[in-house]
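Chains as they are written, first to last, in our numbering: chain A, 1 to 707; chain B, 1 to 177; chain C, 1 to 100; chain D, 1 to 341.
As structure tokens, then:
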């Protein structure tokens with residue numbers, strides 16, 4: 001049954017691929033959307049069946065086919081749905097479907113063939129993403145992993161005729177290669193260590209080991225895996241590709257580069273929770289990187305002027321937060337935030353898409369302003385999204401983010417917590433800077449903006465990354481007069497807004513009367529698997545036995561593992577004790593959110609002059625932030641240029657032109673030379689040929705005679 | 001024994017003489033006819049070898065079909081005499097050819113040697129002593145069974161070969177395609 | 001019963017005769033004839049062997065050889081006719097345009 | 001009690017003589033029948049009812065001068081008629097014309113009434129026929145005249161073309177008789193079906209018989225297939241240039257070939273010497289009767305039917321007769337397999 005979840009989008013992809021250029025927009029769009037919707041229904045159904053099962057033995061397995069069988073290595077192509085996967089699947093198919101719907105309107109101005117191409121890519125992405133999520137072992141997941149990488153490349157470079165777009169695509173692809181390399185190595189180490197690649201088997205065996213106190217195999221493996229994760233999820237130092245990825249169509253940014261694909265890293269760590277929680281060093285690294293990324297991205301986001309780039313950096317920083325959660329062992333919290341974030345970040349991107357749509361491809365927020373009245377739907381939905389991400393009380397973002405912060409604090413990582421708090425403050429600030437600059441105040445220069453858009457459109461390719469008027473969207477024909485999102489978009493926006501409001505309520509913390517249902521739901525996925533790992537009985541028994549010391553050792557680290565599953569009331573007691581602190585922290589983070597909003601209001605709504613003055617006085621810092629800490633430049637200087645030089649001077653001029661071509665040419669010339677000699681044998685006289693044959697016969701026979 | 005040997009020398013001599021004349025004669029027509037004679041002699045030898053079927057085949061197919069074909073061509077092109085050394089190579093061409101002829105003699109020697117050795121090797125795998133019963137070999141029935149069981153595949157392939165040859169001959173000889 | 005060797009020597013002589021013909025004659029038809037002579041020599045050897053070891057395989061192979069010879073003659077003569085049509089000669093030394 | 005080889009020799013001589021006589025009779029009867037059909041008298045001066053006419057012809061031919069055209073190939077020109085005649089005689093060697101007999105106790109054990117009882121008789125017949133072709137071809141080529149050449153070419157191609165159908169129709173009979181020896185074939189036709197229908201293969205193989213007859217006519221270059229000596233087109237075809245004895249040999253060969261063909265047809269299809277009322281040792285009478293009938297049929301055809309066109313002949317041979325014969329053979333083989341003889 002599970003196999004149909006990825007299969008449906010894949011079929012849609014095939015259809016649009018095969019006869020896309022013959023189908024009308026309506027049909028190809030319908031095909032894609034229906035495929036996604038079907039996938040959504042199937043996954044909803046299977047999740048429902050999953051929920052029916054006993055809490056700690058939830059899991060649906062679909063053995064599609066034996067795949068790689070070689071000696072000890074046996075990798076079946078198996079799909080498994082467990083609580084973690086369930087959340088991801090719902091996010092991917094549900095939000096994926098909404099974004100497909102949105103795209104039908106957003107991409108409407110493309111040519112039919114382009115339109116079909118877009119949707120075929122989108123479907124393909126969904127298929128691969130679902131394989132990634134459902135894969136029951138590393139290689140299957142890796143298939144999805146690479147597949148989504150490919151689709152991301154294709155979709156970022158969708159307008160490949162625009163150089164910046166194709167460059168961004170290549171950049172994303174190459175940076176992801178680095179990460180994937182790490183992933184592969186990690187996979188190999190896991191294989192060497194455990195002799196299996198099935199997630200549950202690995203988790204089971206890892207659960208039996210004591211957590212590494214010293215830096216050892218597990219740490220290396222997990223670190224390598226984390227490299228992969230950070231590549232896919234744009235963490236330092238591999239975060240550079242994500243902002244550029246905004247060259248792609250906005251729905252793509254929403255789906256791939258905000259909601260689903262970039263969270264694959266987080267998901268992967270969650271998938272290997274047991275493994276990671278046995279490698280404290282790695283966990284520390286994860287937390288550190290995460291928080292650093294969150295802070296850095298937040299600061300950058302504060303000064304960017306491209307609406308989508310701001311969102312991109314916000315995505316990066318949110319991903320950072322998720323990694324913090326992972327790092328402190330609050331896997332459930334991380335996934336929870338991933339889930340809520342999918343809603344409001346998709347919402348925000350689509351909203352920005354609506355804005356860009358309305359402004360004829362204008363993306364520079366300095367040229368916007370006062371759109372509140374022209375685009376009410378967009379405005380309100382966008383506002384809700386911003387509030388949610390800023391952690392406004394009782395919106396989804398509030399619960400998830402607060403959960404992370406609390407877990408970090410209660411886990412004893414106070415520094416991490418502190419930085420994370422700052423990051424969330426920044427989040428509130430840049431988000432509302434965005435809101436105010438875009439929708440409030442007075443219109444800076446709408447017409448000129450539109451015209452600039454047209455101009456820049458006419459001069460394709462002049463638009464460099466980060467520049468204004470990047471003409472993401474192919475509107476040319478409407479000028480200053482604005483129109484709100486067309487119905488398809490509007491519906492999606494409203495749905496997502498509703499989602500961002502309510503999505504959090506499956507994870508209301510206990511202290512405020514909620515029963516953190518999602519956590520309870522997710523925990524089994526992070527616990528050391530028991531029977532359902534498909535282990536023989538007695539092995540399962542000793543598994544549960546072996547699990548205990550492991551958790552005991554984990555205790556200082558995290559509240560992960562089966563502790564909840566085993567002794568909820570004990571956990572309750574513990575929580576009751578901590579309750580006061582948690583409430584305080586909650587109040588504190590609420591305060592943070594409001595502070596951020598207020599500061600944003602002060603700086604970007606009332607006192608723009610102050611802002612400019614600050615920016616002027618801290619010109620250096622400002623330029624630093626504006627140029628994203630010069631990371632790209634650094635990479636260019638440290639990695640790209642040397643490689644380029646070596647390739648040009650050494651590999652090309654010497655190795656290729658010198659050795660290889662030389663060898664080939666010499667071979668060719670020698671052949672022609674020899675044949676010039678041998679040509680003399682070709683007298684063209686039949687009997688001469690016969691004679692030569694005959695001599696051969698005589699000689700050979702003679703050899704046998706005189707032997 | 002004596003008569004058989006006598007027959008062998010008689011027909012063998014005829015065959016060799018005829019073949020030599022075929023090879024040395026200058027008139028293609030005569031060559032063709034002499035070749036038929038040598039075929040006939042060989043057929044006779046086949047009969048002494050208890051292979052009447054082979055003999056008859058030899059006559060029917062070789063003498064009756066292939067040679068008629070040659071005869072036709074000779075008659076159509078009426079190449080009475082083979083043209084003298086107007087060859088492009090001219091005398092220069094001759095040397096290697098005489099060398100080839102000389103080599104042919106060498107080859108004959110080598111062949112005799114090799115075949116005799118093969119014959120000696122043959123002796124130990126004789127079936128049923130020095131002279132197996134003639135009926136076993138001579139009977140057309142046995143031959144047919146062999147042909148359509150063990151050699152069935154080869155037989156089919158031959159038929160394909162024949163078809164290809166037919167088509168090829170037609171295509172080649174057609175004046176304009 | 002004539003010993004096998006006699007037949008073998010005879011066939012060797014015939015074969016050599018055929019080869020001589022291939023080289024001495026300046027007439028494509030005669031060359032083809034010589035080739036037929038060679039084929040017959042081979043047939044003789046086969047049948048003689050088959051007789052000696054008392055199996056009919058020799059004759060079967062002879063049968064195939066004959067068939068192949070027929071095919072060869074058909075195609076070869078067709079070629080001869082085509083050549084004669086273009087070159088007005090049967091002298092193989094005139095057909096030297098196979099050269100570069 | 002005379003030794004065997006003498007008996008054999010006697011038979012050979014008898015066959016030889018009989019063939020000569022038969023040829024003479026054929027010449028005579030042909031002219032008579034022709035006259036009959038054309039409402040003439042035909043030969044009637046020489047001997048009673050002109051019966052000695054053939055002998056007169058022979059004598060005349062023998063005493064004529066032998067001419068050899070300029071530029072004719074001396075050897076081959078003389079060789080050709082010999083080949084034809086020899087082949088004609090040889091062909092009959094394997095044709096049995098009577099039941100096995102001990103010649104009224106003259107010899108100790110039975111011999112069959114034929115020159116040589118080869119177990120591949122039919123194939124031998126073929127071989128000889130294909131050789132007899134050379135007589136005609138060589139005659140045409142060696143006499144260095146275009147008429148002869150054309151006649152030769154025609155007869156050669158015609159004989160080759162029809163030999164295939166000839167062989168196939170014959171093969172189907174062999175399949176039924178399950179033997180290659182003509183004697184066995186004949187013996188397979190002894191007895192009757194339902195007591196009154198003789199088990200002749202003509203009833204089993206009607207199609208084969210028709211094909212065999214037509215092909216036989218073509219093989220013997222008789223009208224309506226007598227292109228090799230189509231008078232109106234090629235004077236006298238391959239023997240245009242011949243005179244006196246050589247010519248006589250061709251003449252002889254032609255008629256002997258007819259007789260042979262008739263004999264073979266009789267053996268294969270008409271049950272050879274088997275027939276009602278007569279004792280077995282007189283079977284040869286039946287044989288002669290049947291041959292006579294077939295020969296009369298030949299002559300009859302010759303003087304009744306017009307000559308076709310050459311291309312028609314070829315088209316008919318290759319596109320009608322050959323496929324038909326092949327089909328017939330296949331059907332026959334299937335039947336034999338199905339009914340198991």
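We put the beta carbon where it would ideally sit given N, CA and C, even for glycine.
Linking residue 143(A) to residue 215(A) through their CA atoms gives a straight-line distance of about 30 Å.
For residue 109(A), the secondary structure class from DSSP, reduced to helix, strand or coil, is coil. For the C-beta of residue 155(B), not a single chain D residue is nearer than 8 Å; the gap to the nearest is close to 16 Å. Residue 19(A) counts as exposed, since fewer than 16 other beta carbons sit within 10 angstroms of its beta carbon.
Under the Cβ criterion of 7 Å, residue 104(B) is counted among the residues facing chain C. Under the DSSP definition of a beta bridge, residue 306(A) partners with 364(A).
Spanning the alpha carbons of residue 139(D) and residue 32(B) requires a straight line of approximately 15 Å.
Contact note: residue 114(B) reaches chain A through 701, 704 and 705, using a C-beta cutoff of 9 Å and chain order. If you check the CB distance, residue 185(D) and residue 22(D) do not come in under 7 Å. DSSP places residue 80(A) inside the beta strand (DSSP E), whose first and last residues are 73-81. Sequence-distant partners of residue 117(A) (beyond 5 residues in either direction) whose C-beta falls short of 7 Å from its own C-beta, in its chain, are 20.
Against chain B, the CB of residue 691(A) has a partner CB under 7 Å away; the residue lies at that interface. Excluding residues up to 5 positions away in sequence, 224 lie with their Cβ nearer than 6 Å to the Cβ of residue 185(A) in the same chain. Going by DSSP, residue 615(A) is part of the alpha helix (DSSP H) stretching over 608-617. Going by DSSP, residue 62(A) is part of the beta strand (DSSP E) stretching over 60-70. Counted as a single uninterrupted DSSP element, the alpha helix (DSSP H) harbouring residue 81(D) occupies residues 74-93.
For residue 603(A), no alpha helix (DSSP H) segment is defined, and its DSSP state is neither H nor E. From the listed residues 88(C), 76(C), 50(C) and 87(C), the smallest Cα separation to residue 32(C) is found for 76(C). The continuous alpha helix (DSSP H) containing residue 671(A) extends over residues 661-678. For the 7 Å CB-CB criterion, residue 522(A) and residue 269(A) do not form a contact. In the structure shown, residue 393(A) adopts coil according to DSSP, grouped into three states. Around the beta carbon of residue 299(D), 16 or more other beta carbons lie within 10 angstroms, which makes this residue buried. Boundaries of the alpha helix (DSSP H) around residue 16(A): 4-19. Under the Cβ distance rule, residue 100(B) counts among the residues neighbouring chain A, one pair being separated by less than 7 Å. With respect to chain A, the C-beta atom of residue 24(B) has no partner C-beta closer than 7 Å. Residues of chain C whose Cβ lies closer than 7 Å to the Cβ of residue 75(B) do not exist, since the nearest Cβ in that chain is about 11 Å away. Under the three-state reduction of DSSP, residue 512(A) is assigned to coil, being neither helix nor strand. The residue from 293(D), 297(D) and 41(D) with its alpha-carbon nearest to that of residue 217(D) is 297(D). Using a CB distance below 9 Å, the part of the segment 124-141 of chain D facing chain B consists of 124, 126, 127, 128, 129, 130, 131, 133, 134, 137, 138, 140 and 141, ordered along the chain. By the Cβ criterion, the segment 359-372 of chain A is not in contact with the segment 257-271 of chain A, since fewer than three pairs of Cβ atoms, one from each stretch, lie closer than 8 Å. Residue 86(C) counts as exposed, since fewer than 16 other beta carbons sit within 10 angstroms of its beta carbon. Under the 10 Å beta carbon count, residue 483(A) is surrounded by fewer than 16 other beta carbons and is classified as exposed. Bounds of the alpha helix (DSSP H) holding residue 59(C) are 57-87. Counting along the chain, residue 30(B) sits inside the alpha helix (DSSP H) bounded by residues 28-48. Within chain A, 694, 697, 698 and 701 have C-beta atoms less than 8 Å from the C-beta of residue 107(B), given in sequence order. Minimum Cα-Cα distance from residue 605(A) among the listed residues 437(A), 169(A), 106(A) and 221(A) corresponds to 437(A).
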